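Asker: Submitted below is the structure of interest, expressed as structure tokens.
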Amino acid sequence: MAEELDNIWKFQRLTEEEKDINTNNSLEEEVIEERRIWLVGKLLTKCPFNKEAMMRTMKAIWKLRREEEIAALEENLFLFKFQWERDKERELEEAPWTFDK
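Just so we're aligned: 87 in our numbering is position 87 of the sequence shown, and the numbers increase by one with no gaps anywhere.
Right, dumping it as structure tokens:
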């Protein structure tokens with residue numbers, strides 16, 4: 001039985017299409033590295049608030065530069081993308097943050 005399986009596996013080959021599939025982990029590692037400098041924050045409030053104003057305020061306080069650095073994920077849940085890990089670490093050390101009072 002084992003010998004038969006060895007013979008079957010011996011002739012198994014990837015198709016040209018399968019060879020083109022990216023098996024290189026460098027892209028995955030790059031994405032993981034990029035995400036290391038992301039934070040997810042949650043506003044702990046039941047009161048209505050202006051999301052755009054909150055995002056502008058936090059962007060100014062944290063000195064974020066690009067538009068895509070803050071994104072609303074869900075109600076009261078936001079993604080903050082920093083350019084440098086030291087910036088993320090600084091904001092974590094200074095946490096918790098308040099907005100509008």
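For every residue, glycine included, the Cβ atom is placed at its ideal position computed from N, Cα and C.
Since the model is a prediction, treat every value here as computed from it, not as a measurement.
Could you spell out the range, first to last residue, of the alpha helix (DSSP H) harbouring E52?
Answerer: Segment 51-61, the alpha helix (DSSP H) holding E52.
Asker: Between which two residues does the alpha helix (DSSP H) holding K111 run?
Answerer: It is not possible to answer for residue 111, since the shown part of the chain is limited to 1 through 101.
Asker: Are the stretch 29-45 and the stretch 74-88 in contact at 8 Å, needing three or more beta carbon pairs?
Answerer: Counting Cβ pairs under 8 Å, three or more are found: they touch.
Asker: Rounded to a whole number of angstroms, what is the C-alpha to C-alpha distance between E69 and P48?
Answerer: E69 and P48: Cα-Cα distance of roughly 23 Å.
Asker: Find the nearest neighbour of T98 within the set F80, R13, T57, judged by alpha-carbon distance.
Answerer: Ranking the options by Cα distance to T98, first place goes to T57.
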